[in-house]
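As structure tokens, the structure follows; a few thoughts come after it.
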Amino acid sequence: MQAIQFDKYGGGTGALKHVEVPVPTPKNGEVLLKLEATSLNPVDWKIQKGVMRPFIPGKFPYIPSTDVAGEIVDVGPGVQKFKAGDKVVAILSHVNGGGLAEFAVAKESLTASRPPEVSAAEAAGLPVAGLTAHQCLTQSAGIKLDGSSQQKNILITAASGGVGHYAVQLAKLGNTHVTATCGARNIEFVKSLGADEVLDYKTPDGAALKSPSGRKYDAVIHCATGISWSTFEPNLSANGKVIDITPSPSSLLTFALKKLCFSKKQLVPLLLVPKSENLEYLVELVKEGKLKTVIDSKYPLSKAEDAWAKSIDGHATGKIIVEP
Ligand SMILES: NC(=O)c1ccc[n+]([C@@H]2O[C@H](COP(=O)([O-])OP(=O)(O)OC[C@H]3O[C@@H](n4cnc5c(N)ncnc54)[C@H](OP(=O)(O)O)[C@@H]3O)[C@@H](O)[C@H]2O)c1
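Taking full-length UniProt numbering, I'd label the letters of the sequence shown as residues 1 to 324.
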């Protein structure tokens, strides 16, 4: 099969190689997918840069990307939920990768069915970005997406990106007032996702994260980078939390200090723990028209470098999709 791989850390787009490799064989509890779409996430090129060395990748050469949708063509021993012919979406492990290829093996336990109403590209957008938005809101911010929790003021930074655009839509399923930040060109887009007020991050008020209606935030779903605690702090309600999905050494230090001081305002570093029931829930929301995957751009596997460069550039609106 055709695949894209790199065989060392670093090198960016230029180090991606087009290779012909054997189709993988599904082992115990695994399914083999003929891929129809893969979405990229910043973590894919961060792995190439070596931010998770020496643990990820597990070994070189490495086929990057983890968010895949396709059709099951074979199942390994012990697989019960799926059979050949089923359309699915899955999240692969970051240790092994495998998404930028014509076929990939996924764990049955991290695979969800995909109904005909949900296209492969829409489904492939969901795993890392959608699940992270879902985990931030439901687990860390305590928002019930059936609207049954008490009203909360939420700030979502980088609301035009992969995680942010799902976070705005999911937050609005709960009982929330959403303030969002994005660039000027995406203000109307982010409003169309449901945000109640939108700040251009390049203006002074936007950089200060000031709610135009004077609200203090109960939770910040922080999808941007490079914003200091001193910028967040005055905008938080008494028990406000910043949920930081790209923790830096300084934010980890803030996290530790706030814990040690029993501070009511907290910084919470978050790492995605993927669960198939949450993926199934997100797929169902897309089917019902309550959540959409906004596609920034699509590339064939033969042009995967262009998709990679687009992700590294950091200016996608929604998700970047690669189609084998
Ligand atoms: N902890 C985890 O498990 C986890 C999971 C998923 C993602 N992440 C991390 O979360 C971050 C976001 O991921 P993503 O997939 O959403 O990224 P993305 O899709 O690449 O985000 C791009 C978007 O961010 C906007 N943006 C950039 N800087 C901004 C700022 N300062 N204020 C407002 N908007 C800004 C850009 O707008 P412009 O084009 O207008 O600049 C662009 O639309 C990444 O660092 C990623 O590695 C972590």
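Using N, Cα and C, we set each Cβ at its ideal position, and we do this for glycine too. Computed from a prediction, not measured in an experiment: that's the story for all the values here.
Burial state of His177 is buried, judged by a 10 Å Cβ sphere holding 16 or more other Cβ atoms. For His134, the enclosing alpha helix (DSSP H) starts and ends at Leu131 to Gln135. As DSSP reads the structure, Phe6 sits in a beta bridge with Tyr62. With a contact defined as Cβ atoms closer than 8 Å, Leu270 and Ile312 miss out at about 23 Å. Secondary structure of Phe82 (DSSP, three-state): coil. Beyond the five residues adjoining it in sequence on each side, Ala307 comes within less than 6 Å, by CB distance, of Leu40, Tyr299, Ile320 and Val322 in the same chain, given in chain order. Taking non-hydrogen atoms of ligand 1 into account, the C-beta of Gly125 is found less than 7 Å away from none of them.
At the C-beta level, Ser276 and Ser109 come within 8 Å of one another. Nearest to Lys83 by alpha-carbon distance, out of Val73, Leu291, Ala316 and Ser149, is Val73. In the three-state scheme derived from DSSP, where H, G and I count as helix and E and B as strand, Pro269 is classed as strand. C-alpha of His315 to C-alpha of Ala158: approximately 10 Å in a straight line. Shown here, Leu173 sits in coil according to DSSP, grouped into three states, outside any helix or strand. A residue is called buried once 16 or more other Cβ atoms fall within 10 Å of its Cβ, and Gln151, having fewer, is exposed.
Judged by DSSP in its simplified three-state form, Tyr166 adopts helix.
DSSP, reduced to helix, strand and coil, places Thr179 within a strand of the structure shown. In this structure, Val68 lies near Leu35, with their beta-carbon atoms less than 8 Å apart.
Under DSSP, Asp146 takes part in no beta bridge, so it has no partner.
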